[in-house]
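Enquirer: The structure is given below, and queries will be raised subsequently.
Numbering (mature numbering (1 follows the signal peptide of the UniProt record, and there is no 0)), first residue to last: -25 to -1, 1 to 427.
Printed below as a string of structure tokens:
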């Protein structure tokens, strides 16, 4: 069992055999804190968000004995302060089986969570599930939960990601039946609209991420098995769609790649470009499956793609903007052994031109998979959550446990964000993943040669 201090020592670069990146220095610094929690069953940490002060909210699913009401899987919302002290840990919807995949803060520090909730045993269709959105105060008080059968009474639906806009509106992306949707909700839980991505013919669409830049630039991304703008190139193609705050679709971009894509998470930079991570391969979890990163601009053009090839199958699960022309991404890589295989988590750095920087495994953390990542550049830290099959602390609760950690990120490059407000030039670095839009810490400056 790994003690927490041994884990700190093991947070170093692992060997990457071959591949585009090769053996390089670790892209992150030491672990600042780590927590592991769970039950005797299978537990996962799904999503997290970080505010400007370094408070971290996480949503996780923990196994429970089946009870009346379909509550064998239950969602928890957990808040940590910047020092890693748990502030509260709340069970959401104790009488319903729920999965919470995403969370975010609003400007007042309230917390939103979203996912899907299974219908009750006494419902006419107890095996179906509906989208839910819930709101909590900064102290963990439950304010409301809204449930919508977006797929109708005969289809399953789920929210996969959410983001809170500066005006307090909440955007959810997910799926309803075989369709991908973006929906807008008020801060009081009322559904304003829900719009699906148009498809040509039959085939399943799934969304994995939503990113808000402005009321005119809202992205969703995912995969499609149906033709959207062209015939399917692979078994599954990545797609990106651009919406506005009224639910109008500006464009849909479908990648033309004969390999099978599966996007997982996305991030935006200050210029409004979208970066998507996932996997590409033959879809069989073979050695042909590789991590994938691609960049799309606000006009729907793919600017570049980067495939990270390693001997075994690997998958990029997480990404966020470092705010200085680079992005931190990560996932899992698998190495085949004579008697099986081992899965290791990794983190890497890539710049906005598609040039890979350091990529390193997270030491000896076998069976650890990151599912969500958030960066606060001012605090020079990243927060990660996911699941682990091996003890990261002195405690191990079950088959797989939830983990959440804070790690140091690379020092920022001399790249800044420029904006003109009232004729005054402001220069400042972007904060964390959810601090979108306005520059949050600026100072008057004269900037030469684009601050590079």
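Virtual Cβ for every residue (Gly too), placed ideally from N, Cα, C.
Can you give the Cα-Cα distance for residue 365 and residue 224, rounded to whole angstroms?
Expert: The straight-line gap from Cα to Cα measures roughly 44 Å.
Enquirer: How long is the line joining the alpha carbons of residue 469 and residue 290, rounded to whole angstroms?
Expert: Within the shown structure, residues of the chain are numbered from -25 to 427, placing residue 469 beyond reach of any answer.
Enquirer: I believe residue 297 touches residue 352 by the beta-carbon criterion, under 8 Å. Please report the beta-carbon distance rounded to the nearest angstrom.
Expert: With a Cβ gap of about 6 Å, residue 297 and residue 352 count as contacting.
Enquirer: Quick one: Cα of residue 73 to Cα of residue 240, how far?
Expert: For residue 73 and residue 240, the distance between alpha carbons rounds to 21 Å.
Enquirer: Three-state secondary structure (DSSP) at residue 162?
Expert: Note: residue 162 maps to coil in three-state DSSP.
Enquirer: Report buried or exposed for residue 161, applying the criterion of at least 16 other Cβ atoms within 10 angstroms of its Cβ.
Expert: With fewer than 16 Cβ atoms within 10 Å of its Cβ, residue 161 is classed as exposed.
Enquirer: Excluding sequence positions up to five away, which residues of its chain have a Cβ less than 8 Å from the Cβ of residue 19?
Expert: The answer, listed in chain order, is 35, 36, 346, 361, 362, 375, 377.
Enquirer: Give the secondary structure of residue 277 by DSSP, where H, G and I count as helix, E and B as strand, and everything else as coil.
Expert: The answer is strand: DSSP assigns residue 277 an E or B state.
Enquirer: Measuring only the C-alpha atoms, how far is residue 151 from residue 133?
Expert: Each residue's alpha carbon lies about 7 Å from the other.
Enquirer: Select from 233, 216, 235, 237 the residue whose C-alpha is nearest the C-alpha of residue 227.
Expert: Considering only alpha carbons, the answer is 216.
Enquirer: Straight-line CA distance for residue 131 to residue 222?
Expert: Whole-angstrom Cα-Cα distance: 22 Å.
Enquirer: Rounded to whole angstroms, what is the Cα-Cα separation between residue 278 and residue 356?
Expert: Going from the Cα of residue 278 to the Cα of residue 356 covers about 28 Å.
Enquirer: Kindly provide the ranges of any beta strand (DSSP E) runs that are 3 or more residues long and lie completely inside the stretch 21 to 71, ordered along the chain.
Expert: Listed in chain order, the complete beta strand (DSSP E) runs (minimum 3 residues) inside the stretch 21 to 71 are 31 to 38, 48 to 55, 61 to 67.
Enquirer: Between which residues of its own chain and residue 22 is the CB-CB distance below 6 Å, once the five residues before and five after are set aside?
Expert: Hits under 6 Å: 34, 76, 77, 78, 347.
Enquirer: In whole angstroms, what separates the C-alpha of residue 307 from that of residue 264?
Expert: Rounded to the nearest angstrom, the two C-alpha atoms are 11 Å apart.
Enquirer: So residue 79 is in the beta strand (DSSP E); what residue range does that whole segment cover?
Expert: Here the beta strand (DSSP E) through residue 79 covers 73 to 80.
Enquirer: Name the residue from 39, 58, 64 whose alpha carbon lies nearest to the alpha carbon of residue 51.
Expert: Closest option to residue 51, Cα to Cα, is 64.
Enquirer: Would you mind sorting residue 176 into buried or exposed? The rule is 16 or more other CB atoms within 10 Å of its CB.
Expert: Exposed.
Enquirer: Could you check the C-alpha separation between residue 370 and residue 60 for me, to the nearest Å?
Expert: Their Cα atoms are separated by approximately 17 Å.
Enquirer: For residue 164, which residues of its own chain have a beta-carbon under 7 Å away from its beta-carbon, when the five flanking residues on both sides are left out?
Expert: So the qualifying residues of the chain are 108, 110, 119, 121.
Enquirer: At what residues does the beta strand (DSSP E) containing residue 201 begin and finish?
Expert: Where residue 201 is concerned, there is no enclosing beta strand (DSSP E), given that its DSSP letter is neither H nor E.
Enquirer: Are residue 253 and residue 238 close, meaning C-beta to C-beta below 7 Å?
Expert: Contact: yes.
Enquirer: In whole angstroms, what is the alpha-carbon distance linking residue 170 and residue 5?
Expert: Cα to Cα, residue 170 sits roughly 43 Å from residue 5.
Enquirer: Taking the alpha carbon of residue 157 as the point to measure from, which residue in 304, 182, 190 has its own alpha carbon closest?
Expert: Ranking 304, 182, 190 by Cα distance to residue 157 puts 182 first.
Enquirer: Please name the residue in 11, 269, 335 whose C-alpha comes closest to that of residue 53.
Expert: With distances taken between Cα atoms, residue 53 lies closest to 11.
Enquirer: Mapping DSSP to helix, strand and coil, what is residue 144?
Expert: Residue 144: coil per DSSP, three-state reduction.
Enquirer: Sort 309, 82, 112 by Cα distance to residue 283 and report the nearest one.
Expert: Checking every option, the nearest Cα to that of residue 283 belongs to 309.
Enquirer: Would you say residue 323 and residue 304 are within 7 Å of each other, going by their C-beta atoms?
Expert: Yes, Cβ-Cβ distance for residue 323 and residue 304 is below 7 Å.
Enquirer: I need the DSSP call for residue 301, collapsed to helix, strand or coil.
Expert: Strand, per DSSP.
Enquirer: Can you name, in chain order, every residue of its own chain whose Cβ lies under 8 Å from the Cβ of residue 127, other than the five neighbours on each side?
Expert: So the qualifying residues of the chain are 151, 152.
Enquirer: Buried or exposed: residue 58, going by 16 or more other Cβ atoms within 10 Å of its Cβ?
Expert: Exposed, because fewer than 16 other Cβ atoms sit within 10 Å of the Cβ of residue 58.
Enquirer: Buried or exposed for residue 266, please, with buried defined as at least 16 other CB atoms from any protein chain shown within 10 angstroms of its CB.
Expert: The residue is buried, with at least 16 neighbouring Cβ atoms inside 10 Å.
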